[in-house]
Structure formats: structure tokens, C-alpha cells
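Before any comments, here is the structure.
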Amino acid sequence: MLDDAMKSQLQAYLTKLQRPIRLIASLDGGERSAELRELLQEIAGLSDQVRYDESGSDARKPSFVIARDGETTGVRFAAIPLGHEFTSLVLALLWTGGHPPKVEPEVIEQIRNLDGEFKFEVYMSLTCHNCPDVVQAVSLMSIVNPRVQATIVDGGLYQSEVDERQIMAVPATWLNGKMFASGRMTVEEIVAKLDVKSEQREAAKLSAKDPYDVLIVGGGPAGAAAAVYAARKGIRVGVAAERFGGQVNDTLAIENYISVLETEGPKFAAALEAQVRHYEVDIMNLQRADKLVPAAQAGGLTEVHMANGGVLKARSVILSTGARWRNVNVPGEQEFKNKGVAYCPHCDGPLFKGKKVAVIGGGNSGVEAAIDLAGIVEHVTLLEFGDQLKADAVLVSKLKSLPNVQIITQAQTTEFSGAGGKLAGLDYLDRATGEKKHVDVEGVFVQIGLVPNTEWLKGTLELSKFGEIVVDAKGHTSLPGVFAAGDCTTVPYKQIVIAAGEGAKAALSAFDHLIRTPVHEAVTA
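All you need for my numbering is the position in the sequence shown, starting with 1, plus 15.
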């Protein structure tokens, strides 16, 4: 199951085990159980700290538990965790064996102090790049706190279970038998959702912070670059981000960032954060801004009010809040979101194996999604609003060569429909003839571009008709001391490398503003 390189790497990791662990398998006579047996025996053969047995009696077969020696409970995988989940398996082995996780001590303490019994079930797919964060989060929680149970279920392996619970998007997290959350979540987000008093504590902590010279709102490539450039000036810098890395976390492959031949979004986002932390920038994660209060006078402090009630202050602010996937905004979209309407073909595509799906959008993202899905599903219908596809010619040529793909142009999606909480089809208007038409599909993947995350700024500074922050060549906004960079601005071409450059530019402009603006007395009082 593991090639020589993976075995060598895993063996090196297993030397970090501080106590013995057991791999307790629940198997039947099936082919997948044989595969899991082979994998677990290979792992056990790499370290004398790991024992394997088949004494498990779980109803899900195949499955296995990673437990401390002498115990029978621990992280349970109803899966053969390879692909994107191999790292989750390695971390579960190490954490169970006593190797400390790279998590802030206060988060570990918060997990230990959770009050109640928590039985998590995380449904994932091995091709989902968003799933490992959730898998690793609940795994860690179950290892730290014995009142937390974690079962990781491969939706492709347990399709009947997925169908019964009507799970049509991963990661899907269930808690105590009920739906808890859909989509990517960090351990901090999960713990905050369970710890009802954490928001008040966090707000008080934010408000107590001293003013920053530069406060960056948003932690994507633009925000990270701004933080590095500002911190290198030797000034006090803070980053308030809803999710460090931003939309990069949802990107599968990055092949056009100069000097990096190829990487994956989550790996790139982690590298961004590591470099920002290297410069001792104050990173405040899981923070969503909802109000900007400009400085009352030149040289004064601008305030950023957070959704939890906390208030941050700074002599200058850089807005880099990025963008999000655009919705179709037709009847049924919200009703069937994660019940057939999806936005990530890499994550959710395997859940539609052998089914009919549609892709909305004929740009590069839409065509790439259709090509990817065509290898998994029975049939793909691609709908494009314009009279021709906008994707690169090489992608269009590949798409047209696939036998199970239908391309429909001049198609305006008008409604999603279904029954019993599951999508069954979509309606569209043929813009060439004016005729209303219907397509029977069980899944729809929306790939129609981005919307800037700037609603909270309306009425505060100048926005374009598309909601983008209007900036000049140096990143200045319409407010003195407030700058902006990245996908949330009017700068054309929403690309990672462009966002990073704009972030660096905004930081240099902010520093120039600071050295040329006298500090108001109230700031130093």
C-alpha cells in the first residue's frame, strides 16, 4: 500500500513516538478490508512502538482505531486514509503516541476544559483538500479530551451511509447524531463554536490591545505580503483575519506563482503564515471585521470593529479582505446548498460518482471542473451564459473530446429544483430562442467568478459598482491612512502573484504615510 519513499518517511516520523500505540482493526472478508489490513500491518512493521491486532468489533467494516497501548478507544478511521488524508493518519499516530501537536497552548487548554460529551463523525473524501483540516481538528480534540470521540468516514467507502444522511458535500461534520457544520473548519473554529463564552473573552482581549502602526484586515496573499513588508520596517504590525490564507486554502493546484513550480493551496497558505509569524506579527485569526471608523483627525487612530464586539485601533489600516465564490442567486440555490449545489469539484466530486451533474460557468474554472468531473460521474452538462466558452483553448479542446460531456451556451440558469431536501435538476433560459428548458441532474457545481468581501465597508469609503475598493496606483483608498490590496480592490486580474505584489505596495505606502504624518496627541496620551 505504501511505496518505499512513503515507508521511509513514515518510519522516520514514528521514531518520535513517546509511548506505544495499537492499531485495532474491524474487518470483514471484503477486498477493502484486505487493503486496510495490508496498510496497517505495513505501518506496524515500521516501529516496535506500534502493535496491530484485529480484535475490533465496530459495525463499520473496514475501520480501525488508533489507541494508546492498553486502551480500546481513540481516533477511529472508517477509511483507508491515503491521498489527502495520509497526513491526517500520520498526525493521529504521532499525537496518540505522545508527540506534541503544533497548536497554541491556550487552544489545548480550551479543548481540555470543554464541558459535555461530544461524538464527532466527519465525512470526507480522499480527494478533498479541505477535509484534512477538519479531520485533524476533531482527531486532536479526541486525543486531548476523553469526552470527545472522533470517527472519520470516507464517503466514497460508505456510500449508503452518505445517501441515508443526504450528505452531498464534504467535509460534513456531525455531532451527537446531528449535522454540526459543512465545509472547512480549523480546530480553533470548532472549539469556539462549542465554547459559548469564548467570543466574549476574545472580544475583551482584542479591545485591550495597544494600537498598531499598521493593522491589516485579511490574511490572504495580499495581507501576508503587506505584513512582511510592514514588519521589516520595525514597526508594530497586526493581522486580523477570518481565515489566514483566505481563498488560497480552497485552491487545489498552484502552478503559476513565480519561483514555485507547483504547490497546493493549503501548503502555500501555511507557508504564508509561517513567514508572517517569523517577523513576530500579531496574528489574530478567526476575526471578521464588520465596521471601519476613520480617524477623527489627521494622525489619529482608525478603528476596526470586529463581529465579536472587539475593537482594534491603528495609525494606518490595510484592507485585504479578498473575495469569495459568486452565487448564481436564483431560487433553490440556498435551499439545496450542500444538498446537490456545490462549489468545489475536487472536494465533492467523488460523492457524485456515477451520477449526472452540471457545471455552471465556461471560464477556466468551469471547464477544468467539467473535465475533472467527467472522469468520475456518468455525465456532465456545462452551461455557459455567453455564446462561447471563455476558457483557454487547450482546455476547451480537451473538454470537447470527452464523450460524456454536453456543452450548452447562451444558457441562463433560472432555478434549482428537487424534492426531499435533495437537488433533482435545474431550469435554464435558452437566450438564443427564449425557450425555457430543464436538465435532470443530482449535482450542480457553480464556477462563475468572485465577489469582493466588502459589504461591511459600504458608506465608509469609495467602492466601485462591482463592490471593489477603489484604489490608486499606490493602494490609497478614499480615506487618508487607509489602504487596500488584493482581490477586494479595483486592480485587474485576480491572481495570487498580483495580490502579493499589491500587498507589498500597500505596506510601503502605509509606511510612507506614517513617516509623513505627525502623530496626534491623543495617540500618545
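By construction, the Cβ of each residue, glycine as well, lies at the ideal position given by its N, Cα and C atoms.
Since the model is a prediction, treat every value here as computed from it, not as a measurement.
Comparing C-alpha distances from V243 to each of R531, V534, G518 shows the shortest one belongs to G518. In the three-state reduction of the DSSP assignment, Q349 falls in the coil class. Residue nearest to V252 within the set K212, D297, T475, E270 is D297 (criterion: CA-CA distance). When secondary structure is reduced to three states using DSSP, H453 falls in the strand class.
In this structure, L190 sits near K134, with a CB-CB distance shorter than 8 angstroms.
In the DSSP annotation of this structure, the continuous segment of the beta strand (DSSP E) that includes L397 starts and ends at 394–398. I423 sits in a strand when the DSSP states are folded into three classes. Taken atom to atom, the span from the alpha-carbon of K22 to that of L32 is near 16 angstroms. The residue among Q290, E288, A255 with its C-alpha nearest the C-alpha of Q302 is A255. Membership of W471 in any alpha helix (DSSP H) is not indicated, and neither H nor E is assigned to it by DSSP. Linking G235 to E57 through their CA atoms gives a straight-line distance of about 39 angstroms.
Minimum Cα-Cα distance from L494 among the listed residues S331, M16, G260 corresponds to S331. Pairing S432 with D445 gives a Cβ-Cβ distance that is not under 8 angstroms. One thing to note: S335 has its Cβ no nearer than 8 angstroms to the Cβ of A488. Ranked by how close their Cα comes to the Cα of G315, the residues G89, L38, R292, P533 have P533 in first place. For Y294, there is no enclosing alpha helix (DSSP H), as DSSP marks it with neither H nor E. Cβ-Cβ distances below 6 angstroms link G171 to S140, P365 in the same chain, with the five nearest sequence neighbours on each side left out; the list follows chain order. For G440, the enclosing beta strand (DSSP E) covers residues 437–445. DSSP places S493 outside any beta strand (DSSP E), giving it a letter other than H or E. A residue is called buried once 16 or more other Cβ atoms fall within 10 Å of its Cβ, and H293, having fewer, is exposed.
Look at T102 here: in three-state DSSP terms it is helix. Counting along the chain, Y244 sits inside the alpha helix (DSSP H) bounded by residues 236–246. The distance from the Cβ of T424 to that of E399 is about 5 angstroms, consistent with a contact at the 8 angstroms cut-off. Here the alpha carbons of T492 and V512 stand approximately 21 angstroms from one another. The Cβ atoms of R341 and Q262 do not sit closer than 8 angstroms to each other. Beta-bridge partners assigned by DSSP to F498: I333, H491. Distance from the CA of L221 to the CA of D130, rounded to the nearest whole angstrom, comes to 25 angstroms.
Annotation: the continuous beta strand (DSSP E) that includes I167 extends over 163–169. Residues of the same chain with a CB within less than 8 angstroms of the CB of E277, apart from the 5 flanking positions on each side, are A268, I269, E270 in chain order. Going by DSSP, E517 is part of the alpha helix (DSSP H) stretching over 511–531. When beta bridges are read from the DSSP output, I269 appears opposite T278. Around the beta-carbon of R216, fewer than 16 other beta-carbon atoms lie within 10 Å, marking it exposed. Of E295, L388, S197, the smallest CA-CA separation from N353 is found for S197.
Annotated three-state conformation of G71 is coil, per DSSP. With fewer than 16 other Cβ atoms inside 10 Å of its own Cβ, R247 counts as exposed.
H361: member of the alpha helix (DSSP H) spanning 360–363, first to last residue.
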